[in-house]
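*Asks:* Residues in the sequence shown are numbered consecutively from 3, following the working numbering. Heads up, the beta-carbon is just placed ideally off N, CA and C, and yes, glycines get one too. I have a structure I would like to understand better, so I am pasting it below and will then ask my questions one at a time.
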Amino acid sequence: MPKSKRNRPVISTKALICAPDSSAVTLSKTKKKPGLERKGKVVTDIKDAVEHYANAYVFTYDNMRNQKLKDLREQLKSSSRIFLAGKKVMQIALGRSPADEAKTGLHKLSKFLQGDTGLFFTNLPRDDVERLFREFEEHDFARTGSIATETCSSTFSSSALRSSPSAGTAARTRAKLLLNCYFHTGCSAAFVTNKCDGGTLIFSPAGCRPLAAGPPPLSSLPARRRDARLELSFPLSAPSRAGWSSTPWRSVLPVTLSKTKKKPGLERKGKVVTDIKDAVEHYANAYVFTYDNMRNQKLKDLREQLKSSSRIFLAGKKVMQIALGRSPADEAKTGLHKLSKFLQGDTGLFFTNLPRDDVERLFREFEEHDFARTGSIATETVELKEGPLEQFTHEMEPFLRKQGLPVRLNKGAVELVADHIVCEEGKPISPEAAQTLRLLGMQMATFRLYLVCRWSSDDFETYKEGLAQLRAGWHIYAANMLHLLSNGVGGGAGVAEQGRQCLADALRHARRPSGLPGPRPLLRRCRPPQLGAHLRIHGALRHGRHHALWAHNMAFGRRLLPFVGRPAPALAQDYMLTQALLPSTLHLRSYGEVETAAVAPLYPSASMVFFQWAFAGVTVGLVAGAVLGRMSVKAWMAFVPLWTTLSYTHLGRRLLFHWGVMDYSGGYVVHLAAGVSGYTAAYWVGPRRKEEAGGGNLVVMVAGAGILWMGWTGFNGGDPFSANTDSSVAVLNTHICALTSILAWICCDVAVRGRPSVVGAVQGMITGLVCITPAAGLVQGWAALLMGVASETLPCYTMNAAMSLKVDDTLGILHTHAVSGVLGGVLTGVFATCSFRGLIYGVRAGGVQVLKQVAAALFVAAWNVVATSIILVVVRAFVPLRMTEEELLAGDIAIHGEQAYTNFSSGTNCSLSHETIEVGNS
3 MPKSKRNRPV
13 ISTKALICAP
23 DSSAVTLSKT
33 KKKPGLERKG
43 KVVTDIKDAV
53 EHYANAYVFT
63 YDNMRNQKLK
73 DLREQLKSSS
83 RIFLAGKKVM
93 QIALGRSPAD
103 EAKTGLHKLS
113 KFLQGDTGLF
123 FTNLPRDDVE
133 RLFREFEEHD
143 FARTGSIATE
153 TCSSTFSSSA
163 LRSSPSAGTA
173 ARTRAKLLLN
183 CYFHTGCSAA
193 FVTNKCDGGT
203 LIFSPAGCRP
213 LAAGPPPLSS
223 LPARRRDARL
233 ELSFPLSAPS
243 RAGWSSTPWR
253 SVLPVTLSKT
263 KKKPGLERKG
273 KVVTDIKDAV
283 EHYANAYVFT
293 YDNMRNQKLK
303 DLREQLKSSS
313 RIFLAGKKVM
323 QIALGRSPAD
333 EAKTGLHKLS
343 KFLQGDTGLF
353 FTNLPRDDVE
363 RLFREFEEHD
373 FARTGSIATE
383 TVELKEGPLE
393 QFTHEMEPFL
403 RKQGLPVRLN
413 KGAVELVADH
423 IVCEEGKPIS
433 PEAAQTLRLL
443 GMQMATFRLY
453 LVCRWSSDDF
463 ETYKEGLAQL
473 RAGWHIYAAN
483 MLHLLSNGVG
493 GGAGVAEQGR
503 QCLADALRHA
513 RRPSGLPGPR
523 PLLRRCRPPQ
533 LGAHLRIHGA
543 LRHGRHHALW
553 AHNMAFGRRL
563 LPFVGRPAPA
573 LAQDYMLTQA
583 LLPSTLHLRS
593 YGEVETAAVA
603 PLYPSASMVF
613 FQWAFAGVTV
623 GLVAGAVLGR
633 MSVKAWMAFV
643 PLWTTLSYTH
653 LGRRLLFHWG
663 VMDYSGGYVV
673 HLAAGVSGYT
683 AAYWVGPRRK
693 EEAGGGNLVV
703 MVAGAGILWM
713 GWTGFNGGDP
723 FSANTDSSVA
733 VLNTHICALT
743 SILAWICCDV
753 AVRGRPSVVG
763 AVQGMITGLV
773 CITPAAGLVQ
783 GWAALLMGVA
793 SETLPCYTMN
803 AAMSLKVDDT
813 LGILHTHAVS
823 GVLGGVLTGV
833 FATCSFRGLI
843 YGVRAGGVQV
853 LKQVAAALFV
863 AAWNVVATSI
873 ILVVVRAFVP
883 LRMTEEELLA
893 GDIAIHGEQA
903 YTNFSSGTNC
913 SLSHETIEVG
923 NS
């Protein structure tokens, strides 16, 4: 009889590394970690080194430089081997105890493999190894976090230490290798510790002499790095009668660099050095010049113009200095090194055979005008006066708003509503100002060249104007950096808008994460609670897929037919990263003139797609709330894409917006449409079983209500698509109305039942939030209070009056969402502020806006009754809308094969067969 899986032995891959005979275990079907194979190879290599080399050392290091260690490895590869790996890997290879060590006494090395340590195996004599490690030293620039060896007169950043010539000595650090302990097969295993003055511990075998002083430094070899030799300098520790002393030793060892992989740019830099040296030989005069407002194409044209008699170089300053020479000892020609000290900042080299007067006149007269770029200093103040901007068409109004201009469309013309300063003289130009100046056709940048100094074989001179410009360049750079730091890099407005919209998206999604049921399913008892969650999760996820594939552009993209958008995917990178634009919000007058430009928020389309998907996902979830516990999952899978395509995408920005209906954040499109569609679907699917009536978990319901309330802040606060006054007013009105509705519902419960109800408070919160949704940013605070009171009365009345109806609306979606949504939409026409022509302001208009709101509510209700009925009738022809009685009785077991709540103490379970339902104890 085969062994069960529970009794099979478990093999540790970590133990295999230490096993003497790992071939006895087969792991062919075990998926190894990416680094496990590499670590195993290191263990094998170290064990091979133990067999092939007589001596093993543990060493530590200071200021590690990988390239230097690589060169040392290459130098010693014929007689030695160096390992730098994980400490545990090296300890496993050597052995951690006498029981598993590879050779006698080798495990003693393991306890010193701590911190920055490595292994060195060699056949070299001990004295040679000690002298090599004692004398090895490599100077290099200090890195961030290194300890300073001396006090500098100036403060340098990590980048300044590499670029500043004056930081040469202060920026240097030393890479060292120090021996920690030594193992030899012929020596005793006991160790003696000796302490150096520097605090480094050096170990040697017992009975052997202490580390002795090495030979005097070798001075016969040059110590220049450019001669491909490594300078090895080390403070040598040696014993004396008074104790350990430190004596400086310097040595130079030749190291071949023929196998060193060069950096990609090294070859190009070498070519520049060669070209400059050739130019020194072919041209009589050399100039250092500086420039202002560089334009590469203009310089390219100048190069082409002078190529027969001159040559221009723009390269790295150090590269040009190396080519010319930095001192009389290495200069290419006498006096040429004087040019090097002027190669700072924005400078270049100009070699020519032209006469001096011609060159000076050429540089003095050279001038190219162009549009200013971000960071350039404005040469004058540009101010736009209030009034029409006739040079711009109406299509440019969204772009002008993005650049910070306070513009609007007035009778199809772009109008500046207030005076606006584009830039100020003497201050850096912002990215938005640079774009505006380009649109205005104002060229505020001039590309100029200034001579700094001149060299010839018999003369050297400097130019005052060029030196002054070179000094001014540093002040301009500092001013630009201060401006960017104070105003934000790359346009602070766009970054702020993007962050704000992402926060609104997150809060909006928090209302019902991933389509989860929210608080109100806990108000009703139904046998399959997981099924209710499944309908909502599936609805949100399935809609998220086809929303990105076609529904988003169908709702907000370009028009295909009247009130029908053009379906198109929103998945391409070019679409997601471009600025968000909603063409469906473009509103034209009857004679074709633009009245309202399309909405163009200051963030990418990806944020807009996600935000609108969250709206549509909640709408689908609300429809599911009316048919929880009885609708077939297959029928629901077919219903979701059809309903969102035929109903949701045609309302809102497509239809109601162009009728002039006020719906700030989806009171009609989301709540009224979902409430009516859910009630219609409940009629076609049928009621629940009578046994499933009752209460649920009130504690979890209250927790879900809190999450829902928090998410509604993103629901209403994110709908203006920008951080403006409308958004602030919308958030405040949302909470005012919700709080008022809760208090009104509690007062009603006390008046009718004699005590407050938690369920009533939650219902009041929901009706208040739904009622304020179409009016959130359009009404004042006092109107939000009145709407909060009204949102309690009518939904409460309809909920009690509908008790006798045969339609089973599981969560009361019709009353809490449809009725509250209609009430909020009509009251929006009554209380909207004067700028939106509500009834309070436009009584003389005869209440036209209120009539529009009522007509829109009737249209949305009728549309969804017809569309939902047609869809369900079509789906019913292929898939049953309702679960079978067996599935309804079994609940979660029938649908998912698992239960939401399992009674572990009694072991009660349910099983579904083809013929009977058995409920019992296992």
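(1) Might you give, ordered along the chain, the residues of its own chain that have their beta carbon closer than 6 Å to the beta carbon of A740, omitting 5 neighbours on each side?
(2) Rounding to the nearest angstrom, what Cα-Cα distance links D460 and G347 in this structure?
(3) According to DSSP, T438 sits in a beta bridge with which residue or residues?
(4) Since H371 is in the beta strand (DSSP E), which residue starts that stretch and which ends it?
(5) Which of helix, strand or coil does DSSP assign to D728?
(6) Quick one, which of A640, A863, M610, T835 has its alpha-carbon nearest R878's?
(7) Relative to the C-alpha of T448, which candidate in L386, G414, D294, I324 has its C-alpha closest?
(8) Let me check one thing: in DSSP terms, what residues is F462 bridge-paired to?
(9) So the candidates are P606, A820, S112, K320; which of them puts its Cα closest to the Cα of S99?
(10) In whole angstroms, give me the CA-to-CA distance for T818 and W784.
(11) In its own chain, which residues sit with a C-beta less than 6 Å from the C-beta of V629, not counting the 5 before and 5 after it?
(12) Three-state secondary structure (DSSP) at N65?
(13) In angstroms, rounded to a whole number, what distance separates the CA positions of Q77 and T124?
(14) What is the DSSP secondary structure of L74, counted as helix, strand or coil?
(15) Tell me the rounded alpha-carbon separation between G706 and H554.
(16) Counting pairs of beta carbons, one from the segment 372–391 and one from the segment 420–440, are three or more of them closer than 8 Å?
(17) Residues in the same chain with beta-carbon distance under 7 Å from T800, minus the five sequence neighbours each way, listed in chain order, please.
(18) State buried or exposed for H109, treating a residue as buried only when at least 16 other CB atoms are found within 10 Å of its CB.
(19) What does the Cβ neighbour count give for R136, buried or exposed, with the cut at 16 atoms within 10 Å?
(20) Given a threshold of 16 other Cβ atoms within 10 Å of its Cβ, counted over all protein chains shown, does G831 qualify as buried or as exposed?
(21) Should the segment 436–448 be regarded as contacting the segment 374–382, the criterion being three or more beta carbon pairs within less than 8 Å?
(22) Are at least three pairs of beta-carbons, each pair with one atom in the segment 852–871 and one in the segment 714–733, less than 8 Å apart?
(23) Confirm, please, whether the CB-CB distance from G677 to G790 is below 8 Å.
(24) Relative to the C-alpha of V663, which candidate in L71, D47, L780, Q307 has its C-alpha closest?
(25) T775 to L402, Cα distance in whole Å?
(26) Do A104 and L115 have their C-beta atoms within less than 8 Å of each other?
(27) Whose C-beta lies closer than 6 Å to the C-beta of K309 among residues of the same chain, with five residues either side of it excluded?
(28) Can you tell me whether L584 is helix, strand or coil according to DSSP?
(29) Between A334 and S458, what straight-line distance do the alpha-carbon atoms span, to the nearest angstrom?
(30) Roughly how many angstroms separate the alpha carbons of L890 and A626, rounded to a whole number?
(31) Quick one: what's got a C-beta closer than 7 Å to E426's C-beta in the same chain, skipping five residues either side?
(32) What number of angstroms, rounded off, separates the C-alpha of L796 from the C-alpha of A732?
(33) In the DSSP assignment, what residue or residues form a beta bridge with S312?
(34) Check whether the Cβ atoms of Q614 and F558 sit closer than 8 Å, and answer yes or no.
(35) Once the 5 residues before and after F344 are set aside, which same chain residues still bring their CB inside 6 Å of it?
(36) Since D957 sits in a beta bridge, which residues does DSSP pair it with?
*Replies:* Looking at the coordinates:
(1) M767, G770, L771
(2) 27 Å
(3) For T438, which the question treats as bridged, DSSP gives no partner whatsoever.
(4) 370–372
(5) helix
(6) A640
(7) D294
(8) W457
(9) S112
(10) 22 Å
(11) A683, A684, V687
(12) coil
(13) 13 Å
(14) helix
(15) 29 Å
(16) yes
(17) H817, V821
(18) buried
(19) buried
(20) buried
(21) yes
(22) no
(23) no
(24) L780
(25) 30 Å
(26) no
(27) none
(28) strand
(29) 12 Å
(30) 17 Å
(31) A380, T383
(32) 23 Å
(33) T354
(34) yes
(35) V290, V454, C455
(36) Nothing can be reported for residue 957, as the shown portion of the chain is limited to 3 through 924.
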